[in-house]
Amino acid sequence: MFNRLRRVTMTVRGQITIIILVALVTIVTMGDAVERWAREDLAAPDLENIADKLNAIAGLLGPASPEDRQIILANARRAGWEIELTPTATANRFTQSSSRQSFLDIVAARLFPPDNEPPLGGWQTFLDDRRVIAARVDDDTIVITSGFPDSMLSSAFLGRGPYYFVAFFVLIGFFFIFAIRVITEPLQRIAHVAAVSDITSGSPVFEERGTVEIVALARALNGMRRRIRLMIEARTRMLRGIGHDLRTPLTRLKLRVERMGESGQKDALLSDIDRIENLLVESLNYLRNDYATEAIELVDVASILQTVCSEFADIGHAVRYNGPNRLLARCRPLSITRAITNLCDNAVKFAGRAEVTMAERPETVLIIVDDDGPGIPQELRERVLEPFFKSDQSRAGGGFGLGLSIVADIIQSHQGTLELRQRSPHGLSVAVAIPK
């Protein structure tokens, strides 16, 4: 029985039931305690009851003679009433506020007025800065009573309306706390882990704790992640095997072609063989995925970019660096070098020149590689990040459609962003932002 009850309380449904029960018990207990405290310790006035009794006294005073009126007033005073007869013109001095009223008194009076018909002058009536309740005796006379506290904890404030109002917000408060701690926080934790975790990691990354539903979700995500990893590993092994197996016959084929006599077909065959070999090398490099396993270090990113630009300049390409001489950030240095090299290589290939600019942002390092080549059409900017995709307009010529794909994977492994922009009047601007 205990184990079954424990299993029920570990579910979201069971915890919602407990929240409702706890909220109801809390509301009833707090309501009873607050009402008793307010009435006994604070002497909160029961305005409706006072008004009803004052109307009854006014009904007795109306037909009574002056002598009888004094007797009725004396009896009321002996009963604890602060009561007096006054001319009707006194009502002209009534005000709706008092200097002794606090902001909470005013708010409570506006939100929770008594349900009964208001007395002469209304429920919020003050005379000479005293709170009073008045009733008409006849055309010339009114009776007023005072001497009760100005507290906002009046009978109206402790009535059913405010009680239901407070009860509703107490219940909402319990559900709000429950939603944050039991539902929202675990889901945010799972979403964060899913965004930053490496799919190639073998260990489970989703923490299996919390309610039964959250544990089941984390367990299912760990299982799905494991199946995806195994599928990727199997595909990678297959493609690597095919790539390595093809290199041997390609080498033999190349040797045989080189032994051929001079002919118009020899150069074309050797060019095709070299192209196939380059495709195999680039594919194997892409499948190697070593940027996902490289350790993150605190490095000088400015030095990396300056080195890449210098290497291109040494072989005669117009690649220029603009930015600070030193900027430290946590990244994978070899991977960032490879990504910027690929971007510069594309720029040189299609535009003949490149300009690398770096700027520091509050939380990121922004790297922009600009060229004045043909650019990439808007509708193809997402697709060119896919492996082996080539656009006739923007990526014609050599290459196998892996350069930008590798860059995108490297930036994603840093939880960064990659954006392709069109330059004016023509050209491509690649903006890379990585966290510091």
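Sequential numbering from 328 applies to the sequence shown in my numbering.
We put the beta carbon where it would ideally sit given N, CA and C, even for glycine.
Keep in mind it's a predicted model, so treat the numbers as computed, not measured.
Among the options, the one whose alpha carbon lies nearest that of residue i
i, options, result
"Lys-763", "Arg-750, Arg-657 and Ile-703", "Arg-657"
"Arg-463", "Ile-504, Ala-416 and Phe-677", "Ala-416"
"Ser-751", "Asp-699, Thr-538 and Glu-621", "Asp-699"
"Gln-705", "Arg-508, Leu-755, Leu-670 and Asp-697", "Leu-755"
"Val-352", "Ala-418, Asn-402, Glu-687 and Val-497", "Val-497"
"Val-766", "Phe-495, Gln-515, Thr-511 and Glu-375", "Only positions 328 to 763 of the chain appear in this structure, which leaves residue 766 out of reach."
"Val-626", "Phe-503, Ser-662, Val-608 and Glu-638", "Ser-662"
"Asp-572", "Glu-560, Val-608, Thr-744 and Thr-344", "Val-608"
"Asn-419", "Ile-345, Asp-455 and Glu-394", "Asp-455"
"Phe-503", "Glu-604, Ile-343, Arg-574 and Pro-714", "Ile-343"
Coil, strand or helix - residue i by DSSP
i, result
"Asn-649", "strand"
"Gln-592", "helix"
"Thr-452", "coil"
"Ser-524", "coil"
"Thr-344", "helix"
"Leu-412", "strand"
"Thr-799", "The structure shown does not extend to residue 799, since the chain is modelled only from 328 to 763, so the question has no answer here."
"Ile-642", "coil"
"Glu-512", "helix"
"Val-696", "strand"
"Ala-383", "helix"
"Ile-471", "strand"
"Val-628", "helix"
"Ser-740", "helix"
"Leu-400", "helix"
"Val-497", "helix"
"Ser-732", "helix"
"Ser-756", "strand"
"Pro-762", "strand"
"Glu-394", "helix"
"Ala-371", "Because the pLDDT at Ala-371 is just 48, under 50, the model does not fix this residue reliably, and the value given afterwards should be weighed accordingly. Coil at Ala-371, not helix or strand."
Residues near residue i in its chain [Cβ-Cβ closer than 7 Å; skip 5 each side]
i, result
"Ala-640", "Val-646"
"Thr-664", "Ile-631 and Val-635"
"Thr-338", "Thr-538, Val-539 and Glu-540"
"Ala-686", "Gly-650 and Leu-693"
"Lys-593", "Val-584 and Met-587"
"Val-542", "Glu-535 and Arg-536"
"Ser-473", "Glu-409, Arg-457, Arg-458 and Val-459"
"Gln-720", "With a pLDDT of only 45 at Gln-720, under the threshold of 50, the placement of this residue in the model should not be trusted; the figure read from the coordinates follows. Result list for Gln-720: Pro-701 and Pro-704, in chain order."
Own chain partners of residue i with C-beta closer than 8 Å, once the 5 adjacent residues on each side are dropped
i, result
"Leu-548", "Ile-517, Ala-521 and Phe-533"
"Ile-399", "Ile-384, Leu-387, Leu-388 and Ala-391"
"Leu-412", "Leu-388, Arg-396, Leu-400, Val-464, Thr-468, Ile-469 and Val-470"
Whether residue i touches residue j by CB criterion (8 Å)
i, j, result
"Ile-623", "Arg-653", "no"
"Ala-350", "Phe-453", "no"
"Ser-610", "Gly-568", "no"
"His-644", "Gly-702", "no"
"Asn-669", "Ile-761", "no"
"Ala-678", "Leu-712", "no"
Close-in-space but distant-in-sequence residues of the same chain around residue i (CB under 6 Å, 5 per side omitted)
i, result
"Leu-596", "Val-584"
"Ala-758", "Ile-695 and Glu-746"
"Pro-531", "Asn-549"
"Val-628", "Leu-654, Ala-656 and Val-692"
"Arg-748", "Ser-756"
Scan the segment 651–691 and note each continuous beta strand (DSSP E) run of 3 residues or more that stays entirely inside, going in chain order. Given a length threshold of 3 residues, each whole run of the beta strand (DSSP E) inside the segment 651–691 is given here in chain order: 655–658 and 680–687.
I'd like the ranges of any alpha helix (DSSP H) spanning at least 4 consecutive residues and lying wholly in the segment 527–613. Counting only runs of 4 or more, we get 539–586.
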